[in-house]
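These notes concern the structure reproduced below.
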Amino acid sequence: MSAEGSQSLAAPRGRPSHLLVPARTKTALALLYDEGLENAYDVRLKLTKEVLTIQKQDVVCIGGAPPGANHRTVTLRRQPVGGLGLSIKGGAEHGVPVVISKIFKDQAADQTEMLFIGDAVLQVNGINVENATHEEVVHLLRNAGDDVTITVEYLREAPSFLKLPLGSPGPSSDHSSRASSPLFDSGLHLNGHCSHTAPSSPSSPIANEPKYEKRWLDTLSVPLSMARISRYKAGTEKLRSSALEVLALDGASTGVLQFSTAQDCADWLRSISTNISDLTLQHMKMANKCCSPCDQVVHMGWVNERLQGADNSQNFRPKFLALRGSSFYIFGAPPVSTLDWGRAERAYNLCEVLFKVHKFWLSDNYWLQANLYLGLQDFDCEDPRSYCFSVLANHWKSHIFSVELGSELAVWEKAFQRATFMEVQRTGSKTYLCSWQGETLCFTVDFALGFTCFDGKTKNVLWRFKFSQLKGSSDDGKTRVKLLFQNLDTKQIETKELEFQDLTAVLHCIHSFIAAKVASLDPVFMDSQSMARRYLCSS
Numbered sequence: 001m002s003a004e005g006s007q008s009l010a011a012p013r014g015r016p017s018h019l020l021v022p023a024r025t026k027t028a029l030a031l032l033y034d035e036g037l038e039n040a041y042d043v044r045l046k047l048t049k050e051v052l053t054i055q056k057q058d059v060v061c062i063g064g065a066p067p068g069a070n071h072r073t074v075t076l077r078r079q080p081v082g083g084l085g086l087s088i089k090g091g092a093e094h095g096v097p098v099v100i101s102k103i104f105k106d107q108a109a110d111q112t113e114m115l116f117i118g119d120a121v122l123q124v125n126g127i128n129v130e131n132a133t134h135e136e137v138v139h140l141l142r143n144a145g146d147d148v149t150i151t152v153e154y155l156r157e158a159p160s161f162l163k164l165p166l167g168s169p170g171p172s173s174d175h176s177s178r179a180s181s182p183l184f185d186s187g188l189h190l191n192g193h194c195s196h197t198a199p200s201s202p203s204s205p206i207a208n209e210p211k212y213e214k215r216w217l218d219t220l221s222v223p224l225s226m227a228r229i230s231r232y233k234a235g236t237e238k239l240r241s242s243a244l245e246v247l248a249l250d251g252a253s254t255g256v257l258q259f260s261t262a263q264d265c266a267d268w269l270r271s272i273s274t275n276i277s278d279l280t281l282q283h284m285k286m287a288n289k290c291c292s293p294c295d296q297v298v299h300m301g302w303v304n305e306r307l308q309g310a311d312n313s314q315n316f317r318p319k320f321l322a323l324r325g326s327s328f329y330i331f332g333a334p335p336v337s338t339l340d341w342g343r344a345e346r347a348y349n350l351c352e353v354l355f356k357v358h359k360f361w362l363s364d365n366y367w368l369q370a371n372l373y374l375g376l377q378d379f380d381c382e383d384p385r386s387y388c389f390s391v392l393a394n395h396w397k398s399h400i401f402s403v404e405l406g407s408e409l410a411v412w413e414k415a416f417q418r419a420t421f422m423e424v425q426r427t428g429s430k431t432y433l434c435s436w437q438g439e440t441l442c443f444t445v446d447f448a449l450g451f452t453c454f455d456g457k458t459k460n461v462l463w464r465f466k467f468s469q470l471k472g473s474s475d476d477g478k479t480r481v482k483l484l485f486q487n488l489d490t491k492q493i494e495t496k497e498l499e500f501q502d503l504t505a506v507l508h509c510i511h512s513f514i515a516a517k518v519a520s521l522d523p524v525f526m527d528s529q530s531m532a533r534r535y536l537c538s539s
């Protein structure tokens with residue numbers, strides 16, 4: 001793997017190197033896995049700040065007049081020492097064509113400058129071998145005489161099980177021929193049946209013939225703006241091993257990208273996620289320029305929502321969440337226009353939802369804690385979706401979401417805290433209809449005054465308590481709640497029992513206002529968890 005762009009700075013003393021900011025631009029080799037055919041092909045990935053490009057190797061004409069087709073016909077002069085100077089793999093019995101797997105430096109095949117590792121052999125001396133077995137092609141090449149004319153075409157999607165080298169051809173360290181097998185190289189660099197007793201003139205390109213070169217060519221570019229990443233098989237909890245998929249807003253997909261190690265996969269996951277987040281932030285800033293100060297987008301991004309099937313089975317569906325103004329939105333697709341904001345699947349008032357991070361195991365190792373929370377290291381957990389959070393809404397409705405990285409989980413937690421705090425300060429108070437001792441009353445949660453219960457008709461205040469006077473509460477899980485307040489004069493606990501039509505909305509509102517009140521008195525309180533994480537990463 002190689003990285004492009006600005007080089008990373010050396011890790012500060014005592015800090016693991018993998019805690020550094022992921023590279024925004026990089027390249028690497030990977031496998032493109034076809035889940036339908038259960039096969040994989042070698043590709044090269046090129047990441048920029050805005051696009052992830054998939055490249056495949058191909059042979060291109062760099063000089064001369066290219067023929068009409070992609071086929072190349074080359075005549076090899078068999079040499080007394082070195083033979084044809086190539087080896088082959090594959091065969092019809094394995095569902096793949098015979099391909100050139102080795103080219104030996106300075107020998108016949110190499111001297112033509114028209115043959116490449118990965119070329120599929122289509123014809124030998126005019127005989128079609130596209131559906132021939134490995135043994136048949138080996139026999140034909142070894143008995144084709146001194147001058148062998150072969151027609152080839154580069155196999156862009158060579159199955160990975162052929163294990164073809166991706167680098168430039170070079171001398172082989174093993175000049176012995178294995179037993180002929182579709183998965184092993186059959187060496188045609190031996191003498192074979194050559195009638196020459198003196199050295200023959202080597203195969204060489206003709207001046208007017210086209211010249212070819214193997215290059216990495218762009219085959220697919222996936223824009224990262226509003227794109228999403230998944231390491232799981234679609235709709236399931238099955239985690240792909242060292243693999244991920246990137247899906248663009250327009251539906252384009254990279255396919256399943258398989259990496260050589262779990263660490264490589266994690267590095268690419270973080271780098272791609274970072275670029276997606278940066279682009280999403282740019283989109284938010286542009287959208288906020290057209291919005292009033294009370295309707296700003298605080299955060300948005302992709303998650304996966306856990307859905308319960310009729311048979312109690314669980315599956316996940318991608319959802320796009322947004323925190324904007326007074327509302328928490330759930331979309332099936334990102335809102336890219338003003339009208340899209342009115343097409344949310346769900347919209348909840350921020351003061352009436354409760355954000356909850358699902359707990360997961362942490363060891364006493366502080367570096368490991370930081371790694372886990374920031375998504376820099378994996379760990380074994382019973383929950384296959386390690387980074388989850390819940391949003392508890394009205395009428396006991398609960399949404400469970402998961403994200404790919406611990407750092408994303410931390411961002412969502414901080415964003416909910418900030419958005420809720422801003423909404424509480426903007427709103428100032430919320431009033432709900434309730435019943436108390438058989439009478440219909442109004443219950444107000446006020447950022448400045450605390451709790452107030454008053455008669456809706458006469459506006460007479462029946463009782464009022466500060467937030468600090470609330471010492472406990474209990475509810476029946478349906479409509480009734482008991483609030484325990486401490487009288488400032490008598491120090492006695494007074495119980496106030498109320499009944500609400502939507503009890504969850506009221507309880508969540510109380511939680512939001514108290515949290516905002518505490519944060520306003522001590523701003524460090526609201527930011528304590530993120531401060532602790534920053535400390536872990538900077539000490």
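Just so we're aligned, residue 1 is where the sequence shown starts under UniProt numbering, counting upward by one. Yeah, the Cβ is synthetic: ideal placement off N, Cα and C, and Gly gets one too.
Where residue i sits in the DSSP three-state scheme
i           : result
Gln469      : helix
Ala410      : helix
His299      : strand
Asn288      : helix
Leu239      : strand
Thr427      : helix
Gly82       : coil
residue 591 : The structure shown has nothing for residue 591, since the chain only spans 1 to 539.
His358      : coil
Phe416      : helix
Sequence-distant residues of the same chain with beta carbon closer than 8 Å to residue i, five excluded per side
i      : result
Asp250 : Pro223
Arg298 : Note on residue identity: the sequence assigns Val, not Arg, to residue 298. Once the five neighbours on either side are set aside, the close Cβ partners of Val298 are Leu323, Arg324, Ala415, Arg418, Ala419, Met422.
Ser398 : Ser390, Val391, Leu392
Val51  : Ser221, Val222, Pro223, Leu224
Closest by C-alpha distance to residue i, when choosing among the options
i           : options                        : result
Gly95       : Thr149, Glu157, Val74, Leu45   : Glu157
Asp218      : Lys496, Lys46, Gln308          : Lys46
Gln501      : Asn394, Lys457, Val60          : Asn394
Gln107      : Ile330, Gly83, Val138          : Gly83
residue 591 : Glu408, Leu244, Val60          : Past the edges of the chain, shown from 1 to 539, lies residue 591, and the structure says nothing about it.
Leu29       : Thr261, Ile103, Lys105, Leu239 : Thr261
Gln57       : Lys478, Gly90, Glu213, Val81   : Glu213
Lys89       : Lys105, Val137, Phe465         : Val137
Met226      : Gln492, Ile276, Ile272         : Ile276
Leu498      : Gly477, His508, Leu483         : Leu483
Ala448      : Phe467, Lys457, Asn460         : Phe467
Tyr348      : Val129, Phe331, Ala243, Ala266 : Phe331
Asp146      : Val121, Val81, Gln314, Val98   : Val81
Ile54       : Ser313, Arg44, Ala344, Arg270  : Arg44
Lys49       : Gln282, Asn128, Lys105         : Gln282
Ser474      : Gly456, Lys496, Lys491         : Lys496
Counted within 10 angstroms of its Cβ, other Cβ atoms place residue i as buried (16 or more) or exposed
i           : result
Asn304      : buried
His175      : Residue placement at His175 is poorly supported in this model, since its pLDDT is 37, which falls under 50; the coordinates are not used for a value here.
Asn487      : exposed
Pro159      : buried
Gly450      : buried
Leu409      : buried
Thr338      : exposed
Ala516      : buried
Ala234      : exposed
Gly85       : buried
residue 542 : Only positions 1 to 539 of the chain appear in the structure, and residue 542 is not among them; the question remains open.
Thr458      : exposed
Tyr521      : According to the sequence displayed, residue 521 carries Leu and not Tyr. Result: exposed.
Pro97       : buried
Glu404      : buried
Gly406      : buried
Ala252      : exposed
Val481      : buried
Sequence-distant residues of the same chain with beta carbon closer than 7 Å to residue i, five excluded per side
i      : result
Ala333 : Phe320
Ala92  : Asn131, Ala132, Thr133
Asn125 : Ala144, Val148, Thr149
Chain-order list of residues whose beta-carbon lies under 6 Å from that of residue i (same chain, five-residue window excluded)
i      : result
Asp119 : Ile100, Val152, Tyr154
Pro463 : One point to set straight first is that residue 463 is Trp, not Pro, in the sequence displayed. These residues qualify, in order along the chain: Cys453.
Met300 : Ala322
Asp446 : Ser429
Closer than 8 Å to chain B by CB, residue i
i     : result
Thr73 : Going by chain labels, chain B is absent from the structure shown, which holds only one protein chain.
Okay, do the region 71–84 and the region 106–116 touch, 3+ Cβ pairs below 8 Å being the bar?
yes
Okay, do the region 252–265 and the region 27–46 touch, 3+ Cβ pairs below 8 Å being the bar?
yes
Within the chosen definition, does the region 421–435 reach the region 510–521 through at least 3 CB pairs nearer than 8 Å?
yes
Using a Cβ distance threshold of 8 Å, determine whether the region 491–505 contacts the region 432–444, with at least three qualifying pairs required.
yes
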